[in-house]
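No gaps in the numbering here: position 175 of the sequence shown is 175 in our numbering, and each next residue is one more. Yeah, the Cβ is synthetic: ideal placement off N, Cα and C, and Gly gets one too.
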Amino acid sequence: MAGTLQGKVVLVTGGGSGIGRATSLRLAQEGAKVMIADYVATGAERTVAMIREAGGIASCVAADVSVTSQVEMMVNKTVETYGRIDGAFNNAGVEGRMADTVAATEENFDRIIAINLKGVWLCMKYEIPQMLKQGGGAIVNTASAAGLVGVEGLSAYNASKHGVIGLTKTAALEFAQKNIRVNCVCPGLINTPMVARMIDSGGMNEQDFVAAEPVGRMGKPEEIGEGVVWLLSDAASFVTGHSMAIDGGWVAR
């Protein structure tokens, strides 16, 4: 039986590890041709190898989503390789350094906003014109449960993810009658390299993370991938402007 994304072309940013890698694998399993973009080329190449080993179709491109010329190149490379872009998962992001609002540095703030927020805007800026040429498409942006509530020590990260939700809603309204759907996922505490770095930095220990989740465990990257696959598929044809919390009940507290 054909997958829910059979024959569609999906661009994934931050696809070299964590949620991006797990989602790329699920997209390929559902029949999509996947272009993996990541700042770390070796990570993207490994994801491509994993997809191809499983019988899927994938390519990769090294790109920094905070740089306009590289985002434009990334989108053009996807179209040159596969002819179109049916879906995009704008997932690339960084957590930065944990510090309260006063102690946070301007350098850290600027870097987080540039990648997490400006990067999502740049991706949509170049993806949407291509989708308009084709007659439609679907976009999923990665926000966070920290885009729905506040988290101490993550002022810039919180601001960036709240911003992603605002960008998502705005673009969804702007292109709702152009057959382009724009949604975002809001992951909770997911077992990824990003969370591992936060644990290693001493901000929180693993028991603190688990205790914060009503379900009593951290989430798996694959569980975010399931939501992304659904939002990009025709099964979600009446869903746009939605912020999907996939968080084990964290924001329900």
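Here Ala88 has Leu11, Glu127 and Ile139 as same chain residues with Cβ atoms under 6 Å from its own Cβ, once five neighbours each way along the sequence are excluded.
Using a 10 angstroms sphere on the CB of Pro129, the tally of other CB atoms stays under 16, which defines it as exposed. Annotation for Arg97: Ala104, Thr105, Asn108 and Ser201 place their beta carbon closer than 8 Å to its own, counting only its chain and skipping 5 residues before and after. In this structure, the alpha-carbon of Asn76 lies about 10 Å from that of Tyr82.
Bridge partners of Ile57 according to DSSP: Lys33. The bridge partners DSSP lists for Met218 come to none. Annotation: Arg84 is outside any alpha helix (DSSP H) and is labelled neither H nor E by DSSP.
Going by DSSP, Leu173 is part of the alpha helix (DSSP H) stretching over Ser155 to Glu174. Counting along the chain, no beta strand (DSSP E) covers Gly119; the unbroken alpha helix (DSSP H) around it starts and ends at Gly119 to Gln134. Our two residues, Ala2 and Phe238, have alpha carbons roughly 22 Å apart in a direct line.
Counting along the chain, Asn183 sits inside the beta strand (DSSP E) bounded by residues Ile180 to Pro187.
As DSSP reads the structure, Asp38 sits in a beta bridge with Ala62. Three or more Cβ pairs closer than 8 Å define a contact, and the segment 34–42 falls short of that threshold against the segment 242–250. Check the Cα spacing between Arg84 and each of Val9, Ala99 and Glu152: the tightest is with Val9. Secondary structure at Gly3: coil, using DSSP grouped into helix, strand and coil.
By the Cβ neighbour-count rule, Gly55 is exposed, with fewer than 16 other Cβ atoms within 10 Å of its own.
DSSP, read as helix, strand or coil, puts Ala143 in coil. Here Thr105 carries a coil assignment [DSSP, helix/strand/coil]. Among the bridge pairs identified by DSSP, Ala138 is matched with Gly87 and Arg181. The three-state reading of DSSP puts Val71 in helix, counting H, G and I together.
A straight line joining the alpha-carbon of Gly16 with that of Gly219 spans about 19 Å.
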